[in-house]
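Data first, discussion second: the structure below is written as structure tokens.
Protein chains: 2
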Amino acid sequence: MIYVNLRQLRFLVAIHEERSFTAAARRVNATQSGLSMQIKELEERLGLRLFDRSSTGVTPTTAGDRLYERATRILREVSAIENDVQTLSGQVSGRVQVGMMPTFARAVLAPVLERFARHYPNVEIKVTEAYSAVLCEAVTNGQLDMAVVPSGKMVPGLKAEHLATDVEVFVTSPNTKRTHLEPVDLSKNKPLKLALPGPGNARREKIDTYLETYQVPIDSIMELDTMMATLDLVSRSDWTTILPGCLCLPDIDDPRRKLHPIVNPPLVVDYVFIEPASQSKTQAAELFADEIVKEIRTTCTFCNSKLGAADAIAG
Amino acid sequence: MIYVNLRQLRFLVAIHEERSFTAAARRVNATQSGLSMQIKELEERLGLRLFDRSSTGVTPTTAGDRLYERATRILREVSAIENDVQTLSGQVSGRVQVGMMPTFARAVLAPVLERFARHYPNVEIKVTEAYSAVLCEAVTNGQLDMAVVPSGKMVPGLKAEHLATDVEVFVTSPNTKRTHLEPVDLSKNKPLKLALPGPGNARREKIDTYLETYQVPIDSIMELDTMMATLDLVSRSDWTTILPGCLCLPDIDDPRRKLHPIVNPPLVVDYVFIEPASQSKTQAAELFADEIVKEIRTTCTFCNSKLGAADAIAG
DNA sequence: GATTGTTATCATTATTACTGATATCCCTTA
DNA sequence: TAAGGGATATCAGTAATAATGATAACAATC
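Protein chains in written order, with our numbering: chain E, 10 to 324; chain C, 10 to 324.
Here it is as structure tokens:
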């Protein structure tokens, strides 16, 4: 009656995401041979091919895609059973491993951590700060339960949810003629010296597109993948940078730098919440996620009102 | 990582529904010993008890109930995979086994069968006419894909959906003073000679309650579990009966009997659609179900307008 | 054409599940 | 109170299933 089993579904999901039996085998701690036989078995039982094989890898057939969708749903529900156990066995506990893009380190993360730790003292929290590619990777292979990253190209095996849209802010040193919080049209500016994150960074790509599209004059660009150093550099030189609103918010009145909403048009960054597609969150993880999401949403709303260019444009 | 497997879930569901390892083992074609070991394994892995055992049988714990809910959902989705295969492999085909309460034999079933067979010539249809208890049993153990029955006490392992509410109609021979389609208040009547289905029949129970509650005077009751004989008896004697509107509709103008909406208050019957809780319908079954449901709903609406007591009460 | 990196296959081994007999428990009944 | 019936648990042996490691076959790349 029931041909399919969970092992086969797990294999199918891994192969589908890795586009390779070999890589999938590595991921699920099995041998390529084993996967090959299991998928063969599954295909024979169902009477249709799930993957087109070649010596360079595999591509899922239509049926393979369809089954992948179902399989992730099923596996997520199965993992929910195991999470239920935690819930049923009483108080909230366990370990939550979260990835965060650097943007949220202060404005968002700190208050959430404080609150959460107070409410759920038995939950062990581990936060990793990294750029989106690293975080996506870590979530995919189960090292992290979830992460918040800037939106970018989708990684297979992840379930993503849009959280909020934030404004990007132009940051300069105090030694300029512009006044603090005055909007700026980057394309009508003298050539910029910009400190930006390196290529590959999701925000960087969006910024590059913006600079090109609106022909923003550039003097030179420095690659700095560290927020702290960037801020420091900007405040003590004529280098400038572009940072997400959420990151700037805690320092909005800091005299060491000036913030300028970007207009014509505004430059924005979208934050997305990612988690493994075929796994459900533990109760602790769910609660933590709720807090994070709430905090990010309110912070972004606040950013938009304080640093958004909406008023500037209208005025 | 993944402890639970589908076999365990299937066992859990069977045991939960049968309230017995032994009976469940029979149902899933396995031994009591095997189930015992699998559930033991599952309980140990999850770290909690799923059933409280006694020598009289077994009762699910809270955790057992919770898991049962999840398990049925998961198994339904897994069976959906297998149904997908049919769908993916092209045209609609397969075998659909439906159970029908006798009420629908003519007014509803015939047109649906005709239409469906024309649209989907490759689907093999098997219809079984029986009373609700038999149909529930057959759906539970997989002999039928689905059934339509009068609402009554819920059987575990079934997923039910309310279809429509129909009026019950008082049926007499032509040799009475009453005029055809004239509403009747049964409690203000001379003692009745009623032919009714035997006890255990779901409609009978509802009728009994009605007769008692509104103190309908009864001369005598005959138990007839055959619609055809009942109709025949009524038309040729002073015996009367109570039948669902849907059943009467095709004969509404037949001079061999008279129909009377029941008022003060109206007596109604609810139809429900049942299917196995832990299995999803094949595409063919889904299409057939849609047709049946649609037909029953329109028929009931029609019944209510033709045979309903609403107007009578208002007037 | 050698090399690298795929997947498929096969015989063997390891693991897992099932079976059937039996033990144990509890409730009912004589 | 003892016997009987019906339930689940346990155990050792067996059967079924899955994983392994080596190898083959193939395609792309250098």
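Beta carbons are placed, not taken as given, at the ideal position from N, Cα and C, and that holds for glycine.
Less than 8 Å separates the beta-carbon of Leu316 (chain E) from that of Pro270 (chain E).
Residue ranges of uninterrupted beta strand (DSSP E) with 3 or more members, entirely inside the segment 261 to 298 of chain C and ordered along the chain, are 267 to 270, 277 to 285.
Using a Cβ-Cβ distance cut-off of 8 Å, the segment 187 to 207 of chain C and the segment 245 to 264 of chain C are in contact, since at least three pairs of beta carbons, one from each stretch, lie closer than that value. The beta carbon of His25 (chain C) lies closer than 7 Å to those of Pro69, Gly73, Tyr77 in the same chain, with the five residues before and after it left out. Between the segment 81 to 98 of chain E and the segment 111 to 123 of chain E there are fewer than three C-beta pairs closer than 8 Å, too few to call the two in contact. Less than 8 Å divides the Cβ of Val178 (chain E) from the Cβ of Leu268 (chain E).
Here Leu258 (chain C) has Ala116, Thr308, Phe311, Cys312, Lys315, Leu316 as same chain residues with Cβ atoms under 8 Å from its own Cβ, once five neighbours each way along the sequence are excluded. Only residues of its own chain outside the window of five on either side were considered, and among them Pro253, Cys255, Leu256 have a CB closer than 7 Å to the CB of Thr112 (chain E), listed in chain order.
A direct Cα-to-Cα measurement between Gly66 (chain E) and Asp299 (chain E) gives close to 39 Å. Going by DSSP, Asp241 (chain E) is part of the alpha helix (DSSP H) stretching over 236 to 244. Ranking E:Lys303, E:Leu296, E:Ser287 by CA distance to the CA of Asn150 (chain E) puts E:Ser287 first.
Chain E has a Cβ within less than 8 Å of the Cβ of Ile90 (chain C).
With a cutoff of 8 Å on beta-carbon distance, Val107 (chain E) and Leu153 (chain E) are scored as near each other.
The Cβ neighbour count for Thr40 (chain C), taken over all protein chains shown within 10 Å, is under 16; the residue is labelled exposed.
Nearest CB-CB separation between Asn14 (chain E) and chain C: below the 8 Å threshold. Partner residues in a beta bridge of Ile90 (chain C), as assigned by DSSP, do not exist. Within chain E, the C-beta atoms nearer than 8 Å to that of Gly56 (chain C) come from Val94, Ser98, in chain order.
Residue pairing by DSSP places Glu138 (chain C) opposite C:Met109 in a beta bridge.
For secondary structure counted as the beta strand (DSSP E) over 3 or more consecutive residues, the segment 63 to 90 of chain C holds these complete runs in sequence order: 66 to 69.
Between the segment 190 to 201 of chain C and the segment 212 to 230 of chain C there are three or more C-beta pairs closer than 8 Å, enough to call the two in contact. Per DSSP, the unbroken alpha helix (DSSP H) holding Thr31 (chain C) starts and ends at 30 to 36. In the DSSP assignment, Leu167 (chain E) falls within the beta strand (DSSP E) that extends over 167 to 181. Cβ-Cβ distances below 6 Å link Arg306 (chain E) to Ala173 in the same chain, with the five nearest sequence neighbours on each side left out; the list follows chain order.
Only exposed fits Pro208 (chain E), as fewer than 16 other CB atoms lie within 10 angstroms of its CB. In this structure the segment 12 to 25 of chain C touches the segment 44 to 58 of chain C; the number of beta carbon pairs closer than 8 Å is three or more. Within chain C, the residues Ile90, Asp93 have their CB atoms less than 8 Å from the CB of Leu76 (chain E), given in chain order. Listed in chain order, the positions of the segment 26 to 39 of chain E with a beta carbon within less than 7 Å of a beta carbon of chain C would be empty, since no residue qualifies.
Using a 10 angstroms sphere on the CB of Gly166 (chain C), the tally of other CB atoms reaches 16 or more, which defines it as buried. Put simply, the backbone Cα of Met237 (chain E) is about 23 Å away from that of Cys145 (chain E).
Residue state for Ala204 (chain E) is assigned as strand, using DSSP reduced to three classes. About 16 Å separates the Cβ atoms of Met163 (chain C) and Tyr140 (chain C), ruling out a contact at the 8 Å cut-off. Within a 10 Å sphere around the beta-carbon of Glu221 (chain C) sit fewer than 16 other beta-carbons, which makes this residue exposed. Between Thr291 (chain C) and Gly103 (chain C), the beta carbon gap of about 5 Å places them in contact (Cβ cut-off 8 Å). Nearest to Gly56 (chain E) by alpha-carbon distance, out of C:Leu84, C:Val13, C:Thr96, is C:Thr96.
Its chain contains Gln17 as the residues whose beta carbon lies nearer than 6 Å to that of Leu51 (chain E), once the 5 sequence neighbours on both sides are disregarded; these appear in chain order. Around Ala72 (chain C), the beta-carbon contacts reaching into chain E at under 7 Å are Leu97.
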